[in-house]
Every structure is written in C-alpha cells, then in structure tokens.
Amino acid sequence: MTLKALFLNCTLKKSPAVSNTQALIDLVAGLMEPMGVECETVRLVDYNIAYGTESDMGDGDEWPEIYAKIKDADILIPSMPVWMGVRSSLCQLMCERLDGSYRDLDPRTGQYPLYGKVVGVIVTGNEDGAHDCCATTLYNFTHYGCTVPPNADCYWVGDAGPGPSYIEAGQGHLYTNRTARFLASGTVWMANMIKANGPIGTNLIELTAEAQKVSTDTAPAG
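If you're matching positions, the sequence shown starts at 1 in the UniProt record's numbering and goes up one per residue.
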C-alpha cells in the first residue's frame, strides 16, 4: 500500500536558486521513502498562482495543477521560510487558494477534498517565528479536513540575529534531526492507519442539519 507525500515548498526563491527549505524537505523525504512513501515536491514560486479564493481563477492560473496534486496525496507537508517573523507570503497565498476547497464537497457527506489527508509542517529561517508558522498553518489545514499527528512539525531557525542558514549550520543540529524523524514517522503512521481503516466517517451535512435545528440565527453554515 504505497502512500504519496506532497511537499509544498513556499520558498520565495525561484528554481534553480538554492533553497534552505528544500534542503530540510530533502531530509524528511529521505526518511519517508524507505517507509514506502512516494515523495514529490512542488515549488510554488515556479508557478503562476493567481490571487483569490477559488480553485480556478482562470486567465493562466496554474493553481489547478497544484490543487490536483494536493487532492491526490495522502500526506501534505507545507514547507516555508520565516520572513518578518511569520510564514512566507506564498504559504499565505496557498492557504487562501485552498479556501476554494470548501466549495468542492462530497455530495454524500459534505466533506472537503482534504478530509482524510495527514499534514505536517517544515520551517526554516533565522531567529524567530517557527512556532507561529507551525501553529497557524496546521490550524488552517485542520479546517480543510486534514489530520494532525503528534510531533507534526520540524524546523531550524538558528541563533538570534542574522547568521548562517540551515544548509550552512543546521544539518548537524540534534533537535532538527530528531523532529525530522518524529515528523516522518508520525505522518506516515497516521496516513497508513487512515488508509487501512477507510475514510473518516464524519457527515458534515447531517451535523449541519442538526445544528440548524437548535440555532436561532440565519448565518450560512460553512
């Protein structure tokens, strides 16, 4: 039973520029592959991704190609550098575009396309912001339907102030090497469990109908 992992590299550097985020992706992917996982990386900055919240904004928008890969994967690993203490603008754009998945529902259950997928996060950068990047991104992906296993993040941010990046100084770092293994093991285990036991049984249509019976406002369910 082969699993597919999709790493979504939100670096701001276009190919073939060296990406520290890609270096940490390569570490985690290298740990997953011996577990029987087929790994692929998409470097978002190399695509023409339109601004918006629909799954296809038209007029040369290349997001649909990425979205198809997301829907086909079992494990999703959004991976990003820290800029100005927060996740990169490309990661924010990706999450905004995934808002379109709310309108791509299973007609029987009302589930979104990312239901049953497992998510983890990779972060690189200098100084600070890793916890904020991980917390916000994992939270976003749970709302799209993803499952978060324990220890689902791996990051390297170095010492305070400007300094060497992950490739220069982080590859021998115990904490990062340990959490890379936690991330790989946990996401693969959870994805195997979900795949072996079938889709998550939550019926959002039925639960929404129940909620409407006891609610007094008329706000649309979403």
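We put the beta carbon where it would ideally sit given N, CA and C, even for glycine.
According to the DSSP assignment, Met-80 belongs to no alpha helix (DSSP H) but to the beta strand (DSSP E) extending over 75-83.
Spatial neighbours of Lys-71 in its own chain (CB-CB distance under 6 Å, excluding positions within 5 residues in sequence) are listed in chain order as Pro-113. A direct Cα-to-Cα measurement between Ala-184 and Lys-213 gives close to 43 Å. Residues Tyr-47, Ile-49, Ala-50, Ser-55, Asp-56, Met-57, Arg-97 of the same chain have their beta carbon placed closer than 8 Å to that of Trp-63, with the five preceding and five following residues left out of the count. Taken through DSSP and simplified to helix, strand or coil, Lys-195 comes out as helix. The beta carbon of Tyr-67 sits closer than 7 Å to those of Ser-55, all from its chain and outside the five residues before and after it, given in chain order.
Approximately 14 Å separates the beta-carbon atoms of Thr-176 and Gly-120; this is outside 8 Å, ruling out the contact. In this structure, the alpha-carbon of Gly-163 lies about 55 Å from that of Glu-210. The three-state reading of DSSP puts Ile-167 in helix, counting H, G and I together. CA-CA distance, Arg-43 to Gly-158, rounds to 23 Å.
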